[in-house]
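*Asks:* Quick one: this structure, given as structure tokens, is what I'll be asking you about.
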């Protein structure tokens with residue numbers, strides 16, 4: 284169970300980094316602090 288949670292967390296982190304590299308100017312609009320907190324607690 285913990286292994287699956289770890290893999291899912293790594294997938295979300297990689298997706299987040301991909302979006303920030305591909306569209307750096309739109310990233311701050313798309314990924315606000317509120318949304319980041321929601322994603323972080325969804326993965327836990």
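In this note's numbering, the protein residues as written are 284 to 327.
Glycine residues also receive a C-beta, built at the ideal position from the N, C-alpha and C atoms.
Where does residue 306 sit, in a helix, a strand or coil, going by DSSP?
*Replies:* Translated into positions along the chain shown, residue 306 becomes position 23. Of the three classes helix, strand and coil, the one that applies to residue 306 here is coil, per DSSP.
*Asks:* Taking the straight line between their C-alpha atoms, what separation do you get for residue 303 and residue 322?
*Replies:* Walking along the chain shown from the start, residue 303 turns up at place 20. Walking along the chain shown from the start, residue 322 turns up at place 39. For residue 303 and residue 322, the distance between alpha carbons rounds to 15 Å.
*Asks:* Please report the distance separating the alpha-carbon of residue 310 from that of residue 289.
*Replies:* Counted from its first residue, the chain shown places residue 310 at position 27. Counted from its first residue, the chain shown places residue 289 at position 6. In a straight line, the C-alpha of residue 310 is about 24 Å away from that of residue 289.
*Asks:* For residue 291 and residue 297, what's the separation of their Cα atoms in angstroms?
*Replies:* Reading the chain shown from its first residue, position 8 is the one you call residue 291. Reading the chain shown from its first residue, position 14 is the one you call residue 297. The alpha-carbon atoms of residue 291 and residue 297 are separated by roughly 10 Å.
*Asks:* Identify whether residue 315 lies in helix, strand or coil by the three-state DSSP scheme.
*Replies:* Looking up residue 315 in the chain shown gives position 32. Here residue 315 sits in coil by DSSP.
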